[in-house]
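S.K.: Numbering (UniProt numbering), first residue to last: 1 to 386. The structure follows.
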Amino acid sequence: MVPMTAMAIIGLYQLVQKPQEVWDDPIQRLFVLLFLCIWLPMILSLIGAVYFPRSLYTVFSFLLYFPAAIFIIREGRKKYVQNKLLVATTIIVAIWCIDAIIQLFFSYDLLGYPLIEGHITGLFYSKFRLGHVLAVLSPLFFEGLRRYVIHYGWIWLLVVLLVFAVLFTGRRIAWMMFAIAAVTYAIYLYKMGFWQYWKKSILVVGISMILLIPTTLSYAPFLHRVEQALGLFSGNYQIANTATSYRLALWETALAITTDHWLNGVGVRGFRYICQDYAVQEESTADFEPNNGCSTHPHLMLLEIGAETGLLGIMGYILFGWFFWCYIRRLLAEKIYYAVPYSLCVLVAVFPFNAHLAFYGSYWSSISWWLIALTLAIGDKYSPSR
Numbered sequence: 001m002v003p004m005t006a007m008a009i010i011g012l013y014q015l016v017q018k019p020q021e022v023w024d025d026p027i028q029r030l031f032v033l034l035f036l037c038i039w040l041p042m043i044l045s046l047i048g049a050v051y052f053p054r055s056l057y058t059v060f061s062f063l064l065y066f067p068a069a070i071f072i073i074r075e076g077r078k079k080y081v082q083n084k085l086l087v088a089t090t091i092i093v094a095i096w097c098i099d100a101i102i103q104l105f106f107s108y109d110l111l112g113y114p115l116i117e118g119h120i121t122g123l124f125y126s127k128f129r130l131g132h133v134l135a136v137l138s139p140l141f142f143e144g145l146r147r148y149v150i151h152y153g154w155i156w157l158l159v160v161l162l163v164f165a166v167l168f169t170g171r172r173i174a175w176m177m178f179a180i181a182a183v184t185y186a187i188y189l190y191k192m193g194f195w196q197y198w199k200k201s202i203l204v205v206g207i208s209m210i211l212l213i214p215t216t217l218s219y220a221p222f223l224h225r226v227e228q229a230l231g232l233f234s235g236n237y238q239i240a241n242t243a244t245s246y247r248l249a250l251w252e253t254a255l256a257i258t259t260d261h262w263l264n265g266v267g268v269r270g271f272r273y274i275c276q277d278y279a280v281q282e283e284s285t286a287d288f289e290p291n292n293g294c295s296t297h298p299h300l301m302l303l304e305i306g307a308e309t310g311l312l313g314i315m316g317y318i319l320f321g322w323f324f325w326c327y328i329r330r331l332l333a334e335k336i337y338y339a340v341p342y343s344l345c346v347l348v349a350v351f352p353f354n355a356h357l358a359f360y361g362s363y364w365s366s367i368s369w370w371l372i373a374l375t376l377a378i379g380d381k382y383s384p385s386r
């Protein structure tokens, strides 16, 4: 949160200096609209919130993203800023991947952080966030390699490291997120005609991954996660529950809360304070905190929005998606293709069936609004980058 707070302070200063620019600039006006789609339902969720102090704190702390995004939009329009940021993101993701693979093979990463239950955490130790962050940033990583090192075939082995880093985090939601990112980026490459320039690089990556398949299949923790994931198709509730990391009961709880508090929810971040009243009271067979059917949030983005901000939050989320999609369509119509990878990151970050970190939590909100603001800045047709 420190970088976001610093950007918010600078953005607030810029707002004080040039407040009219927010209304005169169509991109900043669009950001205001997108922000209000999410924030207004959060305010309305305060009415009847189950734990008003926590919800009130979240609503007001969320305002931090407004000036921070204004700063990102205004500064992100500059060509040299865009180039440096993409290079920096590509390098950072590469370092994370290399560090993660070192941790996998030597049980400790570059800073001495150990493996946790056979799953890599890298520099994110002791949180299991590496896979999710790598997945959401992967379109920018691919784009950075395409733009700056396309002529060095061997450098594409970093893509192999990225794939294996995501797989060996053991986070199945991260696998889904990465699959969405990779497929949509491949479609982008094909539609833009970039695919033909990657033939040799794709061959290198493909052969490398085929050669590493035996290593992957011999790694017990990974195989265990795959076997669990296949339980989704078993037709057995307990096996499917295990495959979702014991989230079926949690989703049932969230759905029950959404049904009872259908209009404006129980208040943002209020799920944890009421879920015990709705959770099925049975002996837990799950290794899930704190109890079966109850946690800090529903672990499904759409259900979190529904439970904590109700129908108003769902409507705001849909409007957000519609306005953002209209913006992306305009980018494509005006052939502003270089902003597409950033928009793919946003798609992965706010995908409704994400089941990892809290949508209204500070960690994922910081990543999401950073990416949203960047996409708006880089796709601005009045940007100096054009």
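Cβ coordinates follow ideal geometry from the N, Cα and C atoms, glycine included. Bear in mind that the values here come from a model prediction, so they are computed numbers and not experimental data.
(1) Using beta carbons (cut-off 8 Å, strictly below), is Phe106 in contact with chain E?
(2) Going by other Cβ atoms of all chains shown within 10 Å of its Cβ, with 16 needed for buried, is Leu63 buried or exposed?
(3) Use the C-beta contact count for Trp96: other C-beta atoms within 10 angstroms, 16 or more gives buried, fewer gives exposed.
(4) Checking 8 Å against the spacing of the C-beta atoms, do Ala307 and Gly265 come in under that value?
(5) Is the beta carbon of Ile72 closer than 8 Å to that of Ala27?
(6) Cα-Cα, which of Leu104, Leu189, Ala254 is closest to Arg147?
(7) Ile47 by DSSP, collapsed to three states: which one?
(8) Would you identify the three-state DSSP class for Pro53, choosing helix, strand or coil?
(9) Where Ile378 and Phe324 are concerned, what is the direct C-alpha to C-alpha distance, given to the nearest angstrom?
(10) Can you pull the DSSP bridge partners for Tyr80?
(11) Leaving out five residues before and five after Tyr185 in sequence, what residues of the same chain have Cβ atoms less than 7 Å from its Cβ?
(12) DSSP three-state call for Tyr113: helix, strand or coil?
(13) Is the distance from the Cβ of His132 to the Cβ of Ala174 below 8 Å?
(14) Could you check which residue in Tyr327, Leu104, Val50 has the C-alpha nearest to that of Gly270?
(15) In chain order, what residues of the same chain lie with their CB nearer than 6 Å to the CB of Gly11, ignoring the 5 residues before and after it?
(16) Would you kindly work out how many angstroms separate the C-alpha atoms of Ala135 and Leu255, rounded to a whole number?
(17) Would you be able to state if there are at least three C-beta pairs under 8 Å between the segment 152-161 and the segment 88-102?
(18) Ordered along the chain, which non-local residues of its own chain (more than five positions away) have a Cβ less than 7 Å from that of Thr309?
(19) Considering only the beta carbon of each residue, do Val2 and Ile180 sit closer than 8 Å?
(20) Starting from Asp24, trace the alpha helix (DSSP H) both ways and give me its first and last residue.
(21) Taking Met7 as the reference, give the member of Ser366, Leu137, Leu376 with the closest Cα.
(22) Judging by CA-CA distance, which residue of Lys18, Glu75, Leu56 is the nearest neighbour of Trp370?
(23) Just to confirm the assignment, what range does the alpha helix (DSSP H) spanning residue 454 have?
(24) Would you kindly report the start and end of the unbroken alpha helix (DSSP H) that includes His188?
(25) Using only CA atoms, which one of Asp380, Ala355, Phe359 lies nearest to Tyr327?
(26) Are the CB atoms of Leu302 and Pro352 within a distance shorter than 8 Å?
(27) Can you tell me the Cβ-Cβ gap for Ala220 and Gly118, rounded? I've got them flagged as a contact below 8 Å.
M.R.: Based on what the coordinates show:
(1) Although the question refers to chain E, the structure presented lacks it and comprises just one protein chain.
(2) Mapped onto the sequence shown, residue 63 falls at position 63. Within 10 angstroms of the beta-carbon of Leu63 lie fewer than 16 other beta-carbons, which makes it exposed.
(3) Looking up residue 96 in the sequence shown gives position 96. By the neighbour-count criterion, in which a residue is buried when 16 or more other Cβ atoms sit within 10 angstroms of its Cβ, Trp96 is buried.
(4) Translated into positions along the sequence shown, residue 307 becomes position 307. Translated into positions along the sequence shown, residue 265 becomes position 265. Yes, Cβ-Cβ distance for Ala307 and Gly265 is below 8 Å.
(5) Locating residue 27 in the sequence shown gives position 27, where the first residue counts as 1. Locating residue 72 in the sequence shown gives position 72, where the first residue counts as 1. Reading off the sequence shown, one finds Ile at residue 27, where the question assumed Ala. By the CB criterion at 8 Å, Ile27 and Ile72 fall outside the cutoff.
(6) Position 147 of the sequence shown holds residue 147. It is Leu189.
(7) By 1-based counting over the sequence shown, the position of residue 47 is 47. In the three-state DSSP reduction, Ile47 falls in the coil class, being neither helix nor strand.
(8) Within the sequence shown, residue 53 is the residue found at index 53, counting from 1. If DSSP states are grouped into helix, strand and coil, Pro53 belongs with the helices.
(9) For the purposes of this step, residue 378 is taken as residue 378 along the sequence shown, with counting starting at 1. For the purposes of this step, residue 324 is taken as residue 324 along the sequence shown, with counting starting at 1. Between Ile378 and Phe324, the C-alpha separation is close to 14 Å.
(10) Here residue 80 is taken as the residue at index 80 of the sequence shown, counted from 1. In the DSSP output, where bridge partners are listed per residue, Tyr80 has none listed.
(11) Numbered from its first residue, the sequence shown carries residue 185 at position 185. Contacts found: Pro139, Phe142, Pro341, Leu344.
(12) On the sequence shown, position 113 is the one that residue 113 refers to. Looking at Tyr113 - three-state DSSP - the assignment turns out to be coil, as it is neither helix nor strand.
(13) The residue labelled residue 132 in the question sits at position 132 within the sequence shown. The residue labelled residue 174 in the question sits at position 174 within the sequence shown. At the C-beta level, His132 and Ala174 come within 8 Å of one another.
(14) The residue given as residue 270 occupies position 270 in the sequence shown. Measuring from the Cα of Gly270, the nearest candidate turns out to be Val50.
(15) Your numbering for residue 11 matches position 11 in the sequence shown. For Gly11, where only same-chain residues beyond five positions count, the Cβ hits under 6 Å are Pro67, Ala68, Ile70, Phe71.
(16) Counting from 1 along the sequence shown, the entry for residue 135 is found at position 135. Counting from 1 along the sequence shown, the entry for residue 255 is found at position 255. C-alpha separation (whole angstroms): 28 Å.
(17) The answer is yes - the segment 152-161 touches the segment 88-102, with three or more Cβ pairs under 8 Å.
(18) Counting from one through the sequence shown, the residue named residue 309 turns up at place 309. Cβ contact annotation for Thr309 (same chain, cutoff 7 Å, sequence separation greater than five): Pro41, Met42, Ser45, Asn264, Gly265, Val268, in chain order.
(19) Residue numbering aside, residue 2 sits at position 2 when the sequence shown is read from its first letter. Residue numbering aside, residue 180 sits at position 180 when the sequence shown is read from its first letter. Pairing Val2 with Ile180 gives a Cβ-Cβ distance that is not under 8 Å.
(20) What you label residue 24 is simply residue 24 of the sequence shown in a count that begins at 1. 21-24 is the span of the alpha helix (DSSP H), which, as asked, contains Asp24.
(21) As a working note, residue 7 is residue 7 in the sequence shown. Of Ser366, Leu137, Leu376, the residue nearest in Cα terms is Ser366.
(22) As a working mapping, residue 370 is identified with position 370 in the sequence shown. Minimum Cα distance to Trp370 is reached at Glu75.
(23) Here the chain covers residues 1 to 386 and nothing more, so residue 454 does not appear.
(24) Against the sequence shown, residue 188 aligns to sequence position 188. Checking the sequence, you will find Tyr at residue 188 rather than His. Per DSSP, the unbroken alpha helix (DSSP H) holding Tyr188 starts and ends at 172-192.
(25) The residue given as residue 327 occupies position 327 in the sequence shown. Of the listed residues, the one whose Cα sits closest to Tyr327 is Asp380.
(26) Locating residue 352 in the sequence shown gives position 352, where the first residue counts as 1. Locating residue 302 in the sequence shown gives position 302, where the first residue counts as 1. Taking 8 Å as the Cβ cut-off, Pro352 and Leu302 qualify as a contacting pair.
(27) The count along the sequence shown starts at 1 and reaches residue 220 at position 220. The count along the sequence shown starts at 1 and reaches residue 118 at position 118. That belief holds up - the Cβ atoms of Ala220 and Gly118 are roughly 7 Å apart, short of 8 Å.
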